[in-house]
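These notes concern the structure reproduced below.
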Amino acid sequence: MVRTNGVSVGNSFGWFQRAWIQAFGKLLLGYYRRFRMMSDYNVETINDGLNEFNVEFHGPKESLYEGGVWKIRVELPDAYPYKSPSIGFVNKIFHPNVDELSGSVCLDVINQSWSPMFDLLNVFEVFLPQLLLYPNPSDPLNGDAASLMMKDREKYDQKVKEYCDRYAKREDIMNPTAEEQSDEEDISDEESGSSDNDIAGHVDP
961 MVRTNGVSVG
971 NSFGWFQRAW
981 IQAFGKLLLG
991 YYRRFRMMSD
1001 YNVETINDGL
1011 NEFNVEFHGP
1021 KESLYEGGVW
1031 KIRVELPDAY
1041 PYKSPSIGFV
1051 NKIFHPNVDE
1061 LSGSVCLDVI
1071 NQSWSPMFDL
1081 LNVFEVFLPQ
1091 LLLYPNPSDP
1101 LNGDAASLMM
1111 KDREKYDQKV
1121 KEYCDRYAKR
1131 EDIMNPTAEE
1141 QSDEEDISDE
1151 ESGSSDNDIA
1161 GHVDP
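This note's numbering applies: residue 961 is where the sequence shown begins, and numbers increase by one.
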């Protein structure tokens, strides 16, 4: 053992080694907590970071959303799992508790009653499937969906399926610009139809 100015070099190295192992263990624990679902879900990191990533999510069986595929954006706060993650749909979904424009989710267990006992597996295997199976129109983020669900359930079901067919296919999450192009084509078609009607309805003086 070598001493320099009364300090044991061997002991100092041992302390550094223990501190390094402890820090590395915390890093591994962070990886585990964040990506424990990676064996069952397709996860795409954003900017090679640990706190932002996209997860491929499939609509639950025996629901209106069965067969749909969504890309869910996840943002983890530094205090995760003591603070809840931010969850949002990237491609469109017609649901009373999901904002159609931002994709943000209204879910009490995430927004208000989150517990550090929960993790991302709970989000994707329990919370989100339950949200799609049992919408709550009395606490909406999408007022149109909530109103339609309460007034005409048959039309609501049809609208949900239309959105699934149009926006929730695998190609929609693989090629996010496809949805924008589809919307632009619809707008162009509507404008073209409007122009044709104007011409057809025009009478020369």
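Every residue gets a Cβ at the ideal spot worked out from N, C-alpha and C, and that includes glycine.
Inset, instruction - Hey, could you find the ends of the alpha helix (DSSP H) Lys1121 is sitting in? - result: 1113 to 1127
Legend entry - Range covered by the alpha helix (DSSP H) that runs through Val1069: 1068 to 1071
Inset, instruction - Write down every uninterrupted run of the alpha helix (DSSP H) in the segment 1039 to 1102 whose length is 4 residues or greater and which is fully enclosed by it, in chain order. - result: 1068 to 1071, 1088 to 1093
Inset, instruction - Would you kindly work out how many angstroms separate the C-alpha atoms of Asp1000 and Tyr1040, rounded to a whole number? - result: 21 Å
Inset, instruction - List the endpoints of the continuous beta strand (DSSP E) containing Ile1133. - result: Unbroken run through Ile1133 is the alpha helix (DSSP H), 1130 to 1134; no beta strand (DSSP E).
Legend entry - Host beta strand (DSSP E) of Asn1014 (start-end): 1012 to 1018
Legend entry - Selection from Gln1090, Lys1121, Pro1089, Gly1103 that minimises the alpha carbon distance to Asp1059: Gly1103
Legend entry - Host beta strand (DSSP E) of Ile1032 (start-end): 1029 to 1035
Legend entry - Limits of the unbroken beta strand (DSSP E) element including Glu1004: 1003 to 1005
Inset, instruction - For the segment 1031 to 1048 and the segment 1061 to 1069, state whether three or more C-beta atom pairs, one from each stretch, are separated by less than 8 Å. - result: yes
Inset, instruction - Go ahead and pull the three-state DSSP assignment for Leu950. - result: With the chain running from 961 to 1165 in the structure shown, residue 950 is simply not present.
Inset, instruction - Would you decide whether Tyr1094 is buried or exposed? Buried here means 16 or more other CB atoms lie within 10 Å of its CB. - result: exposed
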